[in-house]
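As numbered in the numbering used here, residues 241 to 366 make up the sequence shown, in order.
Even for Gly, the Cβ is constructed at its ideal location relative to N, Cα and C.
See below for the structure under consideration.
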Amino acid sequence: MRTSPFHGVVSAVRWNDHLFVACGLNGLKVFAMGDGEPKLMACLDSFPAFDLALKGDLLAIAAGERGIVLLDAATLQPIKFLTTPFPVHALRWRDGLLTGLSATSRPAIAHFADLAPSLAPVGWLT
C-alpha cells in the first residue's frame, strides 16, 4: 500500500469515515473523510478498479481482466480474488448475490453467492 497522485474517478462508495474511489487502470484510492478536506490514505494500484460494491465491511472491486477483488474495508487487506472467464467492469450486490458484468460487445454475467463460505461462483451466463 502506498500513496500516489489522484488520477480521476470511475466509481466511488463511502464506508464509515472512508471514501473508496475506483480510478480505472490507476487502481483504488482510499480517503479519510474527517473534518475539513479529505485526506488520501492509500493507493492500491496492483489491480485496476472499474466499479465498487459494498456490503457490510466487504468491498468488491471490478478489476477488469483480474476478475473481482474482495477487500476488507477496515484493514484494506485483500480477502479473495474471484476469477471470471471475462473482464469485469461493473458490479452489484443484490438478493444475496454479487454480480459481475463485462463491458464487451458480448456481455457476460457472473454470479457469486455472497453468503457462501468460499464465495464460490454459482453460475456463468454469456
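Name the residue from the options whose alpha carbon lies nearest to the alpha carbon of residue i.
i, options, result
"Asp285", "Phe352, Pro278, Val261 and Ile319", "Val261"
"Gly336", "Ala272, Ala343, Leu280 and Lys295", "Lys295"
"Pro327", "Gly264, Arg334 and His258", "Gly264"
"Val352", "Ala293, Ala282 and Phe271", "Before going on, a small fix: residue 352 reads as Phe here, not Val. Measuring from the Cα of Phe352, the nearest candidate turns out to be Ala293."
According to DSSP, simplified to helix, strand and coil, what is residue i?
i, result
"Arg242", "Bear in mind that a pLDDT of 42 at Arg242, under 50, signals an unreliable position, so the model cannot answer this."
"Thr315", "coil"
"Ala350", "strand"
"Thr324", "coil"
"Ser251", "strand"
"Gly264", "strand"
"Met273", "coil"
"Gly296", "coil"
"Arg367", "For residue 367 there is no data in the structure shown, the boundaries of the chain being 241 and 366."
Taking residue i and residue j to be in contact with their CB atoms under 8 angstroms, please state how far apart those CB atoms are, rounded to whole angstroms.
i, j, result
"His329", "Ala302", "5 angstroms"
Output the distance between the C-alpha atoms of residue i and residue j, rounded to the nearest integer angstrom.
i, j, result
"Pro325", "Gly276", "43 angstroms"
"Arg332", "Leu280", "26 angstroms"
"Gly307", "Thr315", "21 angstroms"
"Trp255", "Asp291", "15 angstroms"
"Phe321", "Ala300", "10 angstroms"
"Ala348", "Ser342", "5 angstroms"
"Gly304", "Gly274", "31 angstroms"
"Asp297", "Thr323", "21 angstroms"
"Gly340", "Val309", "11 angstroms"
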